[in-house]
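Below is one structure, written out as structure tokens, with a few remarks after it.
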Ligand code: SF4
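Residue numbers (our numbering): 2 to 214.
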């Protein structure tokens, strides 16, 4: 490493009047007689930042000149998360009661000639059904897998209209999944055909005398 170049770079930082340069942490040779010398930036509030000094040396010359001095983030510096475009920022549940979110004119979930006659497209129906199927009231949920009776035969399931109604309905049982959309194959113990429990509802167990154990 060229110690004279390091000292030129260090002096350039100190001439900025922002404080002394920290330890020299490396040099990146850019090519064509240009190198970037990196120093720790021991400045309050800039943990992990570096001073970068770009030095140049003309071909055939030993005279080093300073092209640029910059304070830049190092690998350990706290950095802002990756930029997310505004149109990708909205998440389910973000909307407030007075927020407006018009569907795009070419929204593939809708069909119709004008804004007043638009209705769900087959793709909109399919995407909705696929999304709900992954939820806790879908046909693969824990309840659906273990239920003794399914929503399809429950009086508390009110089917939706249209194509979605073939598989989906609203549960209207306040003790179960009230106001949630449930799949025909979902189910629970509050099914309308669940018989009354005899006794006190405690599972029957064989009594034993613990003195005998
Ligand atoms: S009470 Fe249970 S079985 Fe009946 S619709 Fe609601 S979730 Fe389905």
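Think of the CB as a built atom: it goes at the ideal place given N, C-alpha and C, for glycine as much as any other residue.
- The beta carbon of residue 169 lies closer than 8 Å to those of 130, 133, 160, 161, 182, 183, 184, 185 in the same chain, with the five residues before and after it left out.
- For residue 4, the enclosing alpha helix (DSSP H) begins and ends at 4-16.
- DSSP places residue 193 in the coil class of the three-state scheme, outside both helix and strand.
- Counting along the chain, the unbroken alpha helix (DSSP H) around residue 124 starts and ends at 123-134.
- Look at residue 155 here: in three-state DSSP terms it is coil, with no helix or strand label.
- Note on geometry: alpha-carbon atoms of residue 72 and residue 23 lie some 12 Å from one another.
- Note that the segment 76-91 does not touch the segment 53-66; fewer than 3 beta-carbon pairs, one per stretch, sit closer than 8 Å.
- Residue 36 is classed as buried because its beta carbon has at least 16 other beta carbons within 10 Å across all chains shown.
- Per DSSP, the unbroken alpha helix (DSSP H) holding residue 144 starts and ends at 143-147.
- Residue 151 and residue 123 have their C-alpha atoms roughly 26 Å apart.
- Residue pairing by DSSP places residue 85 opposite no residue, since no beta bridge is assigned to it.
- Of the heavy atoms belonging to the ligand SF4, at least one sits nearer than 8 Å to the Cβ of residue 151.
- For residue 185, no beta strand (DSSP E) encloses it, and the DSSP letter there is neither H nor E.
- The beta carbon of residue 138 sits closer than 8 Å to at least one heavy atom of the ligand SF4.
- Here residue 174 is buried, its C-beta having at least 16 other C-beta atoms within 10 Å.
- Excluding the 5 residues flanking it on each side, residue 114 has no same chain C-beta neighbour closer than 6 Å.
- Boundaries of the beta strand (DSSP E) harbouring residue 32: 25-32, taken from the DSSP string.
- Residue 166 sits in a helix when the DSSP states are folded into three classes.
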